[in-house]
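The listed protein sequences derive, respectively, from chains X and E.
Each residue of the first sequence is one higher than the one before, counting from 0 in numbering that gives the first Met the number 0.
Each residue of the second sequence is one higher than the one before, counting from 0 in numbering that gives the first Met the number 0.
For each residue, glycine too, the CB sits at the ideal point set by N, CA and C.
None of the values given here were measured: they were computed from a predicted structure.
Structure first, commentary second.
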Amino acid sequence: MNMVTLSLGAKWVAVGTVDDIPMRGARCVKNGAMTIAIFRTATGEIYALEDKCPHKNGPLSQGIVHDGCVTCPLHNWVISLSTGKAQGADEGATLAFPVKVEGGKIYLDLGRV
Amino acid sequence: MTCLKKKLVIIGNGMAPGRMLEHLFELAPDLYDVTIFNAEPRVNYDRIMLSPVLSGEKTFDDIIIHGDGWYVKNNVTLYKGHKVVAIDRDAKTVTSEHGEVAHYDTLVIATGSAPFILPVEGKSLPGVLTYRDLDDVTAMLLAAQSRAKAVVIGGGLLGLEAAAGLREQGMDVTVLHIMPYLMERQLDQAAAYLLQRELESRGIKVICKADTKQILGVNHVTGVELKDGTIIECSLVVMAAGIRPNSALAKDVGLNVNRGIVVDGHMRTSDPSILSLGECAEVGGMCYGLVAPLYEQARIAAETLAGVGEQPFLHVDTATKLKVTGINLFSIGDFADGPDREEIVLRDASAGVYKRVILRENKIIGTVLYGETTDGAWFNDLKKRGTDISAMRETLIFGQSFQGGAPMDPMAAVAALPDDAEICGCNGVCKGKITGAITSKNLTTLDSVRAHTKASASCGTCTPLVEKLMMLTLGDSFNPAAVTPMCACTDLGHDEVRRLIKAKGLKTIPAVMQELQWKTSCGCAKCRPALNYYLVCDWPDEYADDYQSRFINERVHANIQKDGTYSVVPRMWGGMTSSKELRAIADVVDKFAIPAVKVTGGQRIDMLGIKKEDLPAVWADLGQAGFVSGQAYAKGLRTVKTCVGTDWCRFGTQDSTGLGIRIEKFMWGSWTPAKLKMGVSGCPRNCAEATCKDIGVICVDSGFEIHFAGAAGLDIKGTEILCNVRTEDETLEYIVALTQMYREQGRYLERIYKWAKRIGLDEIRRQIAGDEARRKAYYQRFVFSQKFAQVDPWSERVSGKDKHEFIPMASLQLEAAE
Numbered sequence: 000m001n002m003v004t005l006s007l008g009a010k011w012v013a014v015g016t017v018d019d020i021p022m023r024g025a026r027c028v029k030n031g032a033m034t035i036a037i038f039r040t041a042t043g044e045i046y047a048l049e050d051k052c053p054h055k056n057g058p059l060s061q062g063i064v065h066d067g068c069v070t071c072p073l074h075n076w077v078i079s080l081s082t083g084k085a086q087g088a089d090e091g092a093t094l095a096f097p098v099k100v101e102g103g104k105i106y107l108d109l110g111r112v
Numbered sequence: 000m001t002c003l004k005k006k007l008v009i010i011g012n013g014m015a016p017g018r019m020l021e022h023l024f025e026l027a028p029d030l031y032d033v034t035i036f037n038a039e040p041r042v043n044y045d046r047i048m049l050s051p052v053l054s055g056e057k058t059f060d061d062i063i064i065h066g067d068g069w070y071v072k073n074n075v076t077l078y079k080g081h082k083v084v085a086i087d088r089d090a091k092t093v094t095s096e097h098g099e100v101a102h103y104d105t106l107v108i109a110t111g112s113a114p115f116i117l118p119v120e121g122k123s124l125p126g127v128l129t130y131r132d133l134d135d136v137t138a139m140l141l142a143a144q145s146r147a148k149a150v151v152i153g154g155g156l157l158g159l160e161a162a163a164g165l166r167e168q169g170m171d172v173t174v175l176h177i178m179p180y181l182m183e184r185q186l187d188q189a190a191a192y193l194l195q196r197e198l199e200s201r202g203i204k205v206i207c208k209a210d211t212k213q214i215l216g217v218n219h220v221t222g223v224e225l226k227d228g229t230i231i232e233c234s235l236v237v238m239a240a241g242i243r244p245n246s247a248l249a250k251d252v253g254l255n256v257n258r259g260i261v262v263d264g265h266m267r268t269s270d271p272s273i274l275s276l277g278e279c280a281e282v283g284g285m286c287y288g289l290v291a292p293l294y295e296q297a298r299i300a301a302e303t304l305a306g307v308g309e310q311p312f313l314h315v316d317t318a319t320k321l322k323v324t325g326i327n328l329f330s331i332g333d334f335a336d337g338p339d340r341e342e343i344v345l346r347d348a349s350a351g352v353y354k355r356v357i358l359r360e361n362k363i364i365g366t367v368l369y370g371e372t373t374d375g376a377w378f379n380d381l382k383k384r385g386t387d388i389s390a391m392r393e394t395l396i397f398g399q400s401f402q403g404g405a406p407m408d409p410m411a412a413v414a415a416l417p418d419d420a421e422i423c424g425c426n427g428v429c430k431g432k433i434t435g436a437i438t439s440k441n442l443t444t445l446d447s448v449r450a451h452t453k454a455s456a457s458c459g460t461c462t463p464l465v466e467k468l469m470m471l472t473l474g475d476s477f478n479p480a481a482v483t484p485m486c487a488c489t490d491l492g493h494d495e496v497r498r499l500i501k502a503k504g505l506k507t508i509p510a511v512m513q514e515l516q517w518k519t520s521c522g523c524a525k526c527r528p529a530l531n532y533y534l535v536c537d538w539p540d541e542y543a544d545d546y547q548s549r550f551i552n553e554r555v556h557a558n559i560q561k562d563g564t565y566s567v568v569p570r571m572w573g574g575m576t577s578s579k580e581l582r583a584i585a586d587v588v589d590k591f592a593i594p595a596v597k598v599t600g601g602q603r604i605d606m607l608g609i610k611k612e613d614l615p616a617v618w619a620d621l622g623q624a625g626f627v628s629g630q631a632y633a634k635g636l637r638t639v640k641t642c643v644g645t646d647w648c649r650f651g652t653q654d655s656t657g658l659g660i661r662i663e664k665f666m667w668g669s670w671t672p673a674k675l676k677m678g679v680s681g682c683p684r685n686c687a688e689a690t691c692k693d694i695g696v697i698c699v700d701s702g703f704e705i706h707f708a709g710a711a712g713l714d715i716k717g718t719e720i721l722c723n724v725r726t727e728d729e730t731l732e733y734i735v736a737l738t739q740m741y742r743e744q745g746r747y748l749e750r751i752y753k754w755a756k757r758i759g760l761d762e763i764r765r766q767i768a769g770d771e772a773r774r775k776a777y778y779q780r781f782v783f784s785q786k787f788a789q790v791d792p793w794s795e796r797v798s799g800k801d802k803h804e805f806i807p808m809a810s811l812q813l814e815a816a817e
């Protein structure tokens with residue numbers, strides 16, 4: 000496990016490498032009390048959402064990843080990985096974090112938390 | 000006769016010339032060498048379906064009409080991305096901007112139209128788009144990613160579809176419309192009001208009488224200013240204020256051009272060697288923008304080219320439909336007020352329904368329907384025929400099903416339509432043509448009807464009507480329920496997918512998606528687990544299980560709970576346990592501070608509230624005590640519940656505990672379409688409750704009664720008897736064969752009782768009890784697949800498999816928190 004220390008002023012935080020995450024899968028990053036799920040899609044894009052479904056706080060990191068969305072394992076809400084917004088008829092959104100990948104390393108922008 | 004083919008050159012590759020070529024190849028396949036110049040760098044696609052692409056309901060691939068193969072097959076030379084810049088009428092050549100020169104005997108100009116750009120300041124700023132082709136849609140989708148504000152200028156068909164699509168993509172959208180109400184050319188004010196209310200309820204702002212003064216911004220759009228001084232901030236402006244025929248090229252070379260390129264009723268321009276059709280053409284003083292008249296022009300142009308044309312183009316009113324999911328509106332004909340007109344209006348405010356029929360001399364001349372549009376085709380038919388409606392005047396507005404006394408069911412309404420009633424407005428296909436094709440060509444699927452008649456092949460709104468016609472014509476042999484798609488990613492049903500997996504030898508999920516033309520790039524949470532099961536079942540030795548296509552429970556071999564923790568259930572064979580096992584469980588519960596322990600209905604012990612990170616360590620400890628996974632999470636064999644049988648019970652007739660353990664040890668690890676729970680009772684008192692299980696056994700003096708297809712969950716249902724057998728060996732063989740049959744035929748998540756109902760109990764009895772060779776073959780296939788399935792997933796993970804699942808990637812700590 001990578002232990003990372005950051006100061007409050009910093010925004011971009013390295014959390015690991017792209018290869019740490021399985022394709023169409025997710026890994027978690029613990030940020031104090033909050034868990035952030037980092038997703039990697041079939042086409043290799045990386046997204047980060049708070050690991051909490053807007054419906055009943057289901058762990059999105061445990062869902063099935065498909066076409067830019069993840070389906071929550073508890074009640075099958077479909078959440079957009081890019082916006083955190085519930086798709087279809089469901090309403091609600093979870094926190095989405097800006098992500099950048101440089102040289103295979105993943106950085107999260109935690110400026111908002 | 001061998002003479003050189005004539006050379007046909009077409010400028011433009013839109014829907015009209017594409018359809019013209021289809022007709023031409025039917026009429027005179029060998030008459031012309033065809034060359035097409037297309038300014039867009041792509042093949043012919045269904046432009047009217049761009050709105051579903053924008054809203055994300057379809058992809059570009061879904062809307063291609065002619066793929067590259069079509070051009071090859073028909074020997075058509077297609078220059079993609081070649082805009083024609085010159086026509087030499089004397090030399091009979093055209094020249095593209097890349098310098099390609101082509102000689103023609105006959106030239107067809109089908110350059111379509113261009114969006115009208117408001118002549119205001121800022122119109123060329125980056126961020127100002129039009130809505131015309133795929134490039135526009137791609138640009139809008141890109142802009143939508145920012146989730147910023149958008150302004151759509153124009154509240155007509157195109158503008159509203161663009162607005163709805165952008166809203167669907169998450170943008171904050173404002174529609175500016177210069178007229179007093181939306182879609183004023185197709186709707187009356189009342190229907191426009193309902194439409195505006197519906198759009199506003201979706202979060203789209205609508206400003207009518209909005210006269211754009213200028214588009215603001217320096218390097219990029221920042222807003223739109225209206226003449227009344229209002230400023231609307233935005234970073235995207237979509238101009239959808241109408242279209243203008245692309246007739247400049249024709250005008251340059253001296254063809255007769257008014258608003259569009261002037262053609263006669265046979266699509267001939269003022270130069271006899273040049274035809275024109277589509278949105279760029281003007282026929283009878285009219286330019287058209289909707290698909291139905293353009294397809295009619297295509298048919299006539301093809302006849303002219305083939306030299307068989309007799310009937311000239313005639314103006315026919317075209318119905319308007321808005322392609323926004325959930326909004327139903329229909330309008331046709333003339334619905335302005337006038338002294339010689341009467342109208343019949345029906346409003347249902349609570350249902351948001353508005354219907355208006357406009358009459359002149361007791362004949363329908365126009366119809367506007369909002370909210371409830373199923374009678375559109377019927378009203379249109381009465382209008383076309385000029386039917387005198389005096390006799391049904393009182394009930395006319397209630398629609399077709401109200402006529403003739405008792406309400407008709409929808410099937411009867413379709414049955415009552417005359418053969419020349421139009422079903423598909425886009426392609427001008429009437430009822431008789433569809434039913435005729437179904438009968439003469441033995442069509443049994445919607446796709447084949449689409450292929451042969453084009454009905455419902457464009458915008459698709461008439462699909463339910465076409466399906467009803469198929470039901471009427473084919474009777475019970477057409478069962479739309481049988482082709483319920485697996486999910487939104489495909490039109491194929493579970494059974495078709497399973498059959499094609501075997502028939503085409505598809506052995507990976509990407510292969511299935513490619514070969515069966517999945518509509519999404521990566522499936523969804525419905526189809527991926529189903530496909531994974533079908534492949535595991537059909538190719539047990541070759542298929543590599545796709546871990547990311549399994550639900551979390553099957554991925555981490557535990558059951559997720561509402562708070563994100565997991566529960567763990569070890570196997571207790573036949574429900575038997577021992578002090579050693581119980582002690583091991585007690586130690587694990589203490590060591591990991593497991594908050595809840597429960598005895599399950601399947602005769603084993605459930606430990607609830609385990610943190611995901613602890614799972615491998617919990618399994619390691621349980622494994623040391625000899626436990627394996629109880630697969631209480633699996634769409635697979637769960638438990639075999641038993642009673643104590645002849646070992647202890649004074650009524651027991653057979654060793655039910657021993658038989659249950661034998662079955663469980665033989666079958667554990669197998670994946671099935673849905674969970675599989677079994678029970679073995681030692682006598683008809685049935686203490687193991689075997690007669691509500693998926694498969695059950697009741698022991699009797701003379702042997703074993705095998706039961707199946709019970710349910711005790713959402714549905715409650717007693718089992719059916721498969722047959723009686725004499726020995727334990729036979730019992731095992733029959734149960735295993737039955738399970739394998741279910742494994743091979745069941746739809747994913749379909750419990751055995753539902754499968755049995757679908758297949759028929761007698762058919763199952765015939766194959767398992769009545770056909771020894773078949774039974775043994777099923778048995779052997781199960782035994783073969785078990786070779787690859789009976790691996791304890793817990794011990795695999797204790798040894799490090801999928802380690803990444805159980806540990807976080809990183810832990811961040813704030814300095815301030817320390």
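With a cut-off of 8 Å on Cβ pairs, the segment 681 to 690 of chain E is in contact with the segment 701 to 717 of chain E, counting three or more such pairs. Under the three-state reduction of DSSP, Ala809 (chain E) is assigned to strand. Under the three-state reduction of DSSP, Gln785 (chain E) is assigned to helix.
Using a CB distance cut-off of 8 Å, Lys55 (chain X) counts as an interface residue toward chain E. Sequence-distant partners of Leu30 (chain E) (beyond 5 residues in either direction) whose C-beta falls short of 7 Å from its own C-beta, in its chain, are Lys4, Lys5, Ala305. Here Met48 (chain E) is buried, its C-beta having at least 16 other C-beta atoms within 10 Å. For Pro569 (chain E), the three-state secondary structure derived from DSSP is strand. The beta carbon of Glu167 (chain E) sits closer than 7 Å to the beta carbons of Ser54, Gly55 from its chain, once the five residues preceding and following it are set aside; these are given in chain order. Secondary structure note for Cys526 (chain E): its alpha helix (DSSP H) is the uninterrupted segment 526 to 537. Inside the segment 142 to 174 of chain E, DSSP marks whole alpha helix (DSSP H) runs of 4 or more residues at positions 156 to 167, from first to last along the chain. In the displayed model, Tyr778 (chain E) falls within a helix according to three-state DSSP.
Ala163 (chain E) and Pro72 (chain X) have their C-alpha atoms spaced approximately 30 Å apart. With fewer than 16 other CB atoms across the displayed protein chains lying within 10 angstroms of its CB, Lys104 (chain X) is exposed. At a cut-off of 8 Å between beta-carbon atoms, Ala41 (chain X) makes contact with chain E. If you draw a straight line from the Cα of Cys486 (chain E) to the Cα of Asp61 (chain E), it is about 16 Å long. Put simply, the backbone Cα of Ala788 (chain E) is about 20 Å away from that of Pro615 (chain E). Residues Thr489 of the same chain have their beta carbon placed closer than 8 Å to that of Gln516 (chain E), with the five preceding and five following residues left out of the count.
In this structure, Gly427 (chain E) sits away from Tyr632 (chain E), with a CB-CB distance that is not shorter than 8 Å. For Asn30 (chain X), the enclosing beta strand (DSSP E) starts and ends at 24 to 30. Interface annotation, Leu73 (chain X): in contact with chain E, CB-CB separation under 8 Å.
The residue from E:Ile231, E:Ala240, E:Ile343, E:Leu156 with its alpha-carbon nearest to that of Val323 (chain E) is E:Leu156. Within chain X, the C-beta atoms nearer than 9 Å to that of His803 (chain E) come from Asp19, Ile20, Pro21, Gly24, Arg26, in chain order.
At a cut-off of 8 Å between beta-carbon atoms, Ser810 (chain E) makes contact with chain X. CA-to-CA, the gap between Lys786 (chain E) and Cys536 (chain E) works out to about 12 Å.
The beta carbon of Ile78 (chain X) sits no closer than 8 Å to any beta carbon of chain E. The segment 588 to 638 of chain E contains, as complete beta strand (DSSP E) runs of 3+ residues, the segments 595 to 598, 604 to 609 (chain order). With 16 or more other CB atoms across the displayed protein chains lying within 10 angstroms of its CB, Gly121 (chain E) is buried.
Following the DSSP letters along the chain, one finds Ala13 (chain X) inside the beta strand (DSSP E) bounded by residues 11 to 16. Shown in chain order are the members of the segment 518 to 545 of chain E whose Cβ falls below 7 Å from a Cβ of chain X: Thr519, Ser520, Cys521, Gly522, Cys523, Ala524, Arg527.
For Asn558 (chain E), the pairing in a beta bridge is given by DSSP as E:Ser566. About 5 Å separates the beta carbon of Asp316 (chain E) from that of Ile331 (chain E), a gap short enough to meet the 8 Å contact definition. For Phe38 (chain X), the enclosing beta strand (DSSP E) starts and ends at 33 to 39. The C-alpha of Gly370 (chain E) lies about 12 Å from the C-alpha of Tyr192 (chain E). According to the DSSP assignment, Thr303 (chain E) belongs to the alpha helix (DSSP H) that extends over 290 to 305.
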